[in-house]
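> Okay, handing you the structure first.
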Amino acid sequence: MIRSVKRPTVEPRKHRVIGRLDRLDGHEGLSGTLWDRDGRVWTCTFPPALEADLRTLWRQWVEVVGVGVLATPDARGKLEVETIRPVEGPLEERGRRFWTAPTLDRLAVEQGVGPIETVEELLSVWGEERLEADPFEELVTERARRRLEANAARG
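Under my numbering, think of the first position of the sequence shown as 10, with each following residue one higher.
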């Protein structure tokens, strides 16, 4: 005999969630994936009025407020977003470092290097035969070599 198990229905309620807006999708309305600070995943749907804000908030820490069902360890939360705003998050500084390039001066300080001042110094790093070669062709060849090595390593 097969018994049916009735799952308790969860009534949607108002939630305020802080997390990182990770994925945006516009194929079936405006939706996105939000990872909150506790590691829960939320599928958020946004009204068209928030479309302009989403462009600047993608991959940022945000606070969203809306009506939905709470995320659980084994199920995504669902949220109809009413408002969204940026917030500073615990990984904000580390994340900013990844997404922005330092200036050349800053990079030189970090690496403890300075400009090459003589031709002899340049040739000690970059051989004379390399100066005569086509740099683009050299780049393409080097990338092809790396792809072959990677494919061989995979097996």
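For each residue, glycine too, the CB sits at the ideal point set by N, CA and C.
Since the model is a prediction, treat every value here as computed from it, not as a measurement.
From the DSSP output, which residues share a beta bridge with tryptophan 70?
Answer is Arg29.
> Please report the residue range of the beta strand (DSSP E) in which threonine 92 lies.
Where threonine 92 is concerned, the enclosing beta strand (DSSP E) stretches over 86–95.
> So, helix, strand or coil for leucine 113, using DSSP?
Reduced to three states, the DSSP call for leucine 113 is helix.
> From which residue to which residue does the alpha helix (DSSP H) around leucine 157 run?
First-last of the alpha helix (DSSP H) with leucine 157: 144–163.
> Hey, how far is the Cα of tryptophan 44 from the Cα of proline 144?
Their Cα atoms are separated by approximately 43 Å.
> Give the secondary structure of leucine 79 by DSSP, where H, G and I count as helix, E and B as strand, and everything else as coil.
Note: leucine 79 maps to coil in three-state DSSP.
> Counting only the same chain and skipping the five closest in sequence on each side, list residues whose C-beta sits under 8 Å from that of valine 50.
Closer than 8 Å at the Cβ level, and outside the excluded window around valine 50, lie Thr42, Leu43, Trp44, Ala80, Arg85 and Gly86.
> What residue from Thr92, Asp47, Ala58 and Leu66 has the CA that sits closest to proline 9's CA?
With the chain covering only 10 through 164, there is no way to say anything about residue 9.
> For leucine 100, count neighbouring C-beta atoms within 10 Å of its own C-beta (all shown protein chains included) and say buried if the count is 16 or more, exposed if not.
With a pLDDT of 49 at leucine 100, under the threshold of 50, the predicted position of this residue should be treated as unreliable, though the coordinate-derived value follows. With fewer than 16 other Cβ atoms within 10 Å, it is exposed.
> In this structure, how does DSSP classify valine 50 when only helix, strand and coil are distinguished?
Strand at valine 50.
> Leaving aside the five residues before and after arginine 29 along the sequence, list all residues of the same chain whose C-beta is less than 6 Å from its C-beta, in chain order.
The answer, listed in chain order, is Trp44 and Trp70.
> How many Å lie between glutamate 119 and valine 90 at the Cα?
The alpha-carbon atoms of glutamate 119 and valine 90 are separated by roughly 42 Å.
> Indicate the three-state DSSP secondary structure (helix, strand or coil) for threonine 127 in the structure shown.
DSSP places threonine 127 in coil when its eight states are reduced to three.
> According to DSSP, is leucine 100 helix, strand or coil?
Low confidence applies here, because leucine 100 scores a pLDDT of 49, under 50, leaving its location unreliable and the question unanswered by this model.
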